[in-house]
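The numbering of the sequence shown is UniProt numbering, which starts it at 1 and goes up by one.
Reading through the C-alpha cells given below for one structure.
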Amino acid sequence: YGPLFRITPTSGEGLTSIFPKRDSPGGEEYELETGKAPSPLWGHSGMAVPQAFPSGPLHEPAGARMEPQPSPRSLAEGFLEEELRLNDELKQLQFSEPVGIIYNPVEYAWEPHRSYVTRYCQGPKEVLFVGMNPGPFGMAQTGVPFGEVNVVRDWLGVGGPVLSPPQEHPKRPVLGLECPQSEVSGARFWGFFRNLCGQPEVFFRHCFVHNLCPLLLLAPSGRNLTPAELPAKQREQLLGVCDAALCRQVQLLGVRLVVGVGRLAEQRARRALAGLMPEVQVEGLLHPSPRSAQANKGWEAVARERLTELGLLPLLTG
C-alpha cells in the first residue's frame with residue numbers, strides 16, 4: 001500500500017505515510033443501501049469505498065433476455081459519492097510543515113457520517129450552511145459537521161461505530177460518541193437550531209449543514225490548524241479541490257442560498273460558486289467559536305438577527 005496523505009518534512013527526510021492506500025477494488029466494497037457498517041478486508045486503517053449495486057432479477061426468465069436495470073440513485077447516495085470522490089482527490093495531495101497529522105472523519109467515522117447524510121439529505125435543499133473544516137471535539141469525533149457529541153446523539157439521533165484514525169495524536173484521541181469534551185461551536189450552532197426548530201426534521205426540511213473541507217489538520221504539537229494557516233501553495237491545492245466539490249454538491253442538492261459559517265467559509269464559498277451566481281446566493285453568518293469575542297457576547301441573538309435579515313426564519317419555524 002502506498003501513502004494516501006503524505007507529510008513532507010522540510011528536513012528532507014522523506015515522506016511519512018498517514019493512511020495506507022487501497023489499490024485493489026476487489027473484495028473491499030459493500031452495498032451503500034443496506035446501511036451496514038463498512039468491513040474492509042484491510043483493517044481499520046481506512047475505509048472501503050461504498051458502491052451501490054444494481055437491483056433486478058437474479059435469473060433471466062426462460063426464453064427472454066433482460067437488460068440489467070440499475071437502481072435509482074438517491075440524493076443522499078449521490079451526495080456521499082461526491083464526498084468519496086473528494087476523498088480520492090485529497091489523497092493525492094502532499095502536506096509539509098506546519099501539518100503533522102491529518103484526520104479524515106468521513107473515513108474513520110463513516111458510519112455516523114453516512115447515517116447523518118442518509119437521514120437528513122433525502123430531498124433537495126434550499127439552504128446549505130457551510131463550515132470550514134472539522135474541529136477536534138466535533139466532527140472529528142462524530143462525523144457530523146459542528147457535531148458536538150450530545151447534540152448528535154440526543155437531538156439528531158445519529159450514532160454508529162467510530163474507528164480510530166490511522167495515525168492518532170496522543171493529545172487528540174478519537175473517542176467517538178463517548179468523547180467527554182463538548183465542542184462549544186457545535187453546541188452553540190445546533191443548540192440554536194434546536195431551540196428554534198424544535199425537531200431536527202423541521203430544520204432539515206429545507207436546510208442542510210456541510211463542511212467545505214473534511215480534514216482536521218494538526219500540528220506536530222497537536223494544535224488544531226485552520227486551512228488559512230497553511231502555506232499558500234498547500235492551501236490553494238487543498239481548498240481548490242474542496243471548492244470544486246462544493247460546486248458539484250450545491251448543484252446536486254439544488255441549493256439556492258449558501259450561508260458560510262465564518263468569514264473564511266463565506267469567502268471560499270463565494271469563490272467556489274462564482275460560476276453559479278446569481279442563481280445561487282452566498283451570504284455569511286458569524287462563527288459561533290469561543291475565540292470570537294462577538295460570539296461570546298451572545299451568538300444566538302446575532303444568529304437570529306442574521307437569519308431574519310436573510311428571510312430564513314419562516315423556513316425554520318413553519
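Ideal Cβ positions, reconstructed from N, Cα and C, are used throughout, including at glycine.
CB residue i to CB residue j, shorter than 8 Å?
i, j, result
"M132", "A244", "no"
"L215", "L90", "yes"
"E126", "V255", "yes"
"N87", "E107", "yes"
"L246", "F208", "no"
"H206", "V130", "no"
"residue 401", "E229", "One cannot answer for residue 401 here, as it falls past the ends of the chain, which runs 1 to 318."
"P105", "P136", "no"
"R248", "E82", "yes"
"E123", "L75", "According to the sequence as given, residue 123 is Gly; it is not Glu. Cβ atoms of G123 and L75: closer than 8 Å."
"H267", "F95", "Contrary to the premise, residue 267 reads as Gln rather than His in this sequence. Cβ atoms of Q267 and F95: not closer than 8 Å."
"H169", "I101", "yes"
May I ask you to list the residues that DSSP assigns as paired with residue i?
i, result
"G131", "N211"
"N224", "L218"
"G284", "G260"
Assuming residue i and residue j are in contact, meaning their beta carbons sit under 8 Å apart, how far apart are those beta carbons, in whole angstroms?
i, j, result
"S182", "N150", "7 Å"
"V250", "L276", "7 Å"
"L156", "P200", "6 Å"
"G262", "V282", "13 Å between Cβ atoms; not a contact."
"F192", "Y120", "Not confirmed; about 17 Å, so no contact."
"V258", "L273", "6 Å"
"A303", "L315", "That pair is no contact at about 14 Å."
"F189", "P278", "Contact doesn't hold; Cβ gap of about 27 Å is too wide."
"V117", "L80", "6 Å"
Kindly indicate if chain D contains any beta-carbon less than 8 Å away from that of residue i.
i, result
"P134", "Of the protein chains in the structure, only one exists, and it is not chain D."
(Q) Just to confirm the assignment: which complete alpha helix (DSSP H) runs, minimum length 4, are found wholly within the segment 86–134? (A) 105–108 and 110–120
Q. When the Cβ atoms of the segment 134–148 are set against those of the segment 192–207, are three or more pairs found closer than 8 Å?
A. Short answer: they don't touch.
**Q.** Contact the segment 219–232 vs the segment 173–182: 3+ CB pairs below 8 Å
**A.** no
Q.
Extract the residue ranges of the alpha helix (DSSP H) inside the segment 145–183, only unbroken runs of 4 or more that lie entirely within it.
A. 149–154
Q | Cβ contact check for the segment 281–296 and the segment 158–168: 3 or more pairs under 8 Å | A | no
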